[in-house]
Amino acid sequence: MGKKVHVGLVYGGKSGEHDVSLQTAFAVAGEFDYAKYEITPFYITKLGEWRQGPLLNARPGSIGEMKLTAAQSAASAAFPLAPLFDQSGSGAGAAGLSPIDVVFPLLHGTFGEDGTIQGMLEMANIPYVGAGVLASAVGMDKITMKKVFAYEGLPQCVFRYFNRTQWEKDSAFFIMEVEVSLGYPCFIKPANLGSSVGISKAKNREELIAAVDHAFRFDRKVVVEEFVDAREIEVSVLGNDEPKASVPGEIAPSNEFYDYKAKYIDGKSTIQIPALLPSAVTEHIREMAVQAFLAIDGSGLSRVDFFLRKSDGQLFINEVNTLPGFTPFSMYPLMWKETGLPYRDLLDKLIELAFKRYADKQSIDYGGSGN
C-alpha cells in the first residue's frame, strides 16, 4: 500500500459557531478511511490558541478536546503549527508528526469560513479543502454576496443594509427605509456570521430596533430582509470549475424560522430529501445553485439555500454557505447520499478536488523568477 495522505483537520476557533465546528470535526474524523489517510487534528480554542494532538476526545460533554500525554502537550504548546509550516519535516519531527499533505478546514463562521485561514494556507502553499480566499470572503459577507447575485441576475428577496456608524448617525432614516421598502415582519441578520447566530424576526419598530442592536453584537454590518412566506429548499454543490448539484432537500423548521435552536438544539425540525417538487422546478433550482457557486468563484463544496414562495412558486436565492455543516446528519452530505455519493466517498472526492485545485494554481506564473 502506498503512503497515506496526511490530513490536518482544523476546527474550533474564535467564532460564535465554535461548538458547531466541534460537532463537524468529530463527525469528519470518525468517517475517514484510515487505511488511506493519517489524520492530525488542530484545535483552536475560543481565545484563538492553537492545540495539536493525535485524537479527538469523544467523551460526552468534552467533544473536541485533545487527549494528550504530557510529552504531547509540551510538543503541542511549543510547535502547534509545525506540521503546517515546516514542510521539510524537521519542525514536524520535533512535534512527532510528518508534514501535512492537505488541510481540511472545519471552522464555521468568522476566522475560518471568511477567507482568513484560507489566506494563511495559501501563503504556506498547502493544499486545502473547499473555497479559496475570495469565494470564502464573498460567501461569508451577506451584503457582498447579494451584490454579486444581483449582478448575475439571480432573483432575491428585497433587502437593505447599513453599518454601525451609519445606524448610530441616522437610525431614523434606516428605520423608515425598512418600513417603506420591506415592511413587517422582516429578518435582521449580522452580515458576517452563519448557523443563524444573531438572526431575529421583527414584527414592529420596537422589535426591529432591538434586533439590530442584537445583530451588532456579532458584526459591524447588518442586513435586513423582507419576509417571504416560502418553503426552504437547499442544494449541495460539489466540484471546482465544473461543479455538480445534488438533489434538493427541504427544511421544515420547528421554530418560526430556521434559527440556531431549530438547527442544533431541539431536534424537531424535519427534512425531506429529495424535496417534493416538480421535475422542472428541481432542475431550475440545481441550475441556479451551480450559477451561484460559479458566481462567487466557488471550489470544493457549498450548500446553496433558496426560498420557494408558496403563493406563486417564485424562486429566490437566499445564500451560499461555503462551509456547511458536515456531520453525517447534516443536509449537505445527506443530499449527496441521496444523489448517490455516500459520506466516505464524499470525503475522498473533496480531498481529490483540493489537490486538483492546488495543482492548477501551481501552474500560474506569479511573476517570480526563482529564489
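Under the working numbering, think of the first position of the sequence shown as 1070, with each following residue one higher. All C-beta atoms, glycine included, are put in the ideal place defined by N, C-alpha and C. Keep in mind that this is a model prediction, so the values were computed, not measured.
So for residue i, helix, strand or coil by DSSP?
i, result
"F1243", "helix"
"P1411", "coil"
"H1177", "coil"
"R1274", "helix"
"L1446", "As shown, the chain starts at 1070 and ends at 1440. That puts residue 1446 outside it, with no answer to give."
"P1110", "strand"
"A1314", "strand"
"P1402", "helix"
"A1423", "helix"
"A1260", "coil"
"F1287", "coil"
"S1205", "helix"
"V1217", "helix"
"Y1329", "Because Y1329 carries a pLDDT of 47, less than 50, the predicted location of this residue cannot be relied on, and no value is offered for it."
"L1384", "strand"
What separation, rounded to the nearest whole angstrom, lies between the Cα atoms of residue i and residue j?
i, j, result
"L1175", "D1102", "18 Å"
"V1089", "E1237", "32 Å"
"Q1121", "V1076", "13 Å"
"S1159", "G1208", "Any answer about S1159 is weak, because its pLDDT of 43 lies below 50 and its placement is not dependable; what the coordinates show is given next. Whole-angstrom Cα-Cα distance: 37 Å."
"I1320", "F1398", "13 Å"
"K1425", "N1232", "39 Å"
"G1081", "E1182", "12 Å"
"I1113", "K1379", "43 Å"
"T1093", "N1390", "15 Å"
"S1142", "L1262", "Residue placement at S1142 is poorly supported in this model, since its pLDDT is 49, which falls under 50; the coordinates are not used for a value here."
"A1349", "G1382", "12 Å"
"E1086", "G1394", "11 Å"
"F1287", "S1305", "27 Å"
With a threshold of 7 Å between beta-carbons, can residue i be considered close to chain B, or not?
i, result
"N1309", "Structure shown: chain B not included; a single protein chain is present."
Does the Cβ of residue i lie closer than 6 Å to at least one heavy atom of the ligand SAM?
i, result
"L1416", "Judged by which ligands are present, the structure shown has none, so any question about the ligand SAM falls away."
Quick one: residues in its chain with C-beta nearer than 8 Å to the C-beta of residue i, no 5 flanking neighbours on either side, listed in chain order?
i, result
"E1356", "A1314"
"E1100", "P1397, Y1412, R1413, L1416"
Opposite residue i in the DSSP bridges: which residues?
i, result
"Q1341", "E1319"
"R1372", "S1305, N1390"
"Y1197", "V1172"
"Y1080", "Y1112"
"A1358", "None, per the DSSP bridge assignment."
"W1119", "I1113"
Within its chain, find whatever has a CB closer than 6 Å to the CB of residue i; leave out the 5 residues flanking it on each side and keep chain order.
i, result
"D1429", "none"
"R1128", "Caution is warranted here: a pLDDT of 40 is assigned to R1128, below 50, making its placement in the model unreliable, and no coordinate value can be reported."
"E1294", "C1226, F1228, F1256"
"K1272", "Y1253, P1254"
"R1289", "N1232, R1233"
"P1224", "F1385"
"D1374", "E1303, N1387, E1388"
"I1195", "V1172"
Counting only the same chain and skipping the five closest in sequence on each side, list residues whose C-beta sits under 7 Å from that of residue i.
i, result
"L1377", "A1299, R1300, I1302, L1384"
"D1310", "none"
"Q1341", "G1318, E1319"
"Y1106", "K1073, V1074, V1076"
"D1414", "none"
"P1347", "none"
"A1206", "D1183, G1184"
With a cut-off of 8 Å, do at least 3 Cβ pairs link the stretch 1185-1195 to the stretch 1352-1368?
The stretch 1185-1195 and the stretch 1352-1368 do not touch, with fewer than 3 CB-CB distances between them shorter than 8 Å.
Is it a yes or a no for the stretch 1273-1286 touching the stretch 1392-1411, going by three-plus beta-carbon pairs under 8 Å?
Look at the beta carbons and you see the stretch 1273-1286 not touching the stretch 1392-1411: under three pairs across the two are nearer than 8 Å.
Using 8 Å as the cut-off, can you tell me whether the stretch 1364-1371 makes contact with the stretch 1217-1229, which would need three or more C-beta pairs spanning the two stretches below that distance?
Note that the stretch 1364-1371 touches the stretch 1217-1229; at least 3 beta-carbon pairs, one per stretch, sit closer than 8 Å.
Check whether the stretch 1238-1250 touches the stretch 1404-1423, taking contact to mean three or more Cβ pairs, one atom from each stretch, closer than 8 Å.
Two segments are said to touch when three or more pairs of C-beta atoms, one from each, lie closer than 8 Å; by this definition the stretch 1238-1250 does not touch the stretch 1404-1423.
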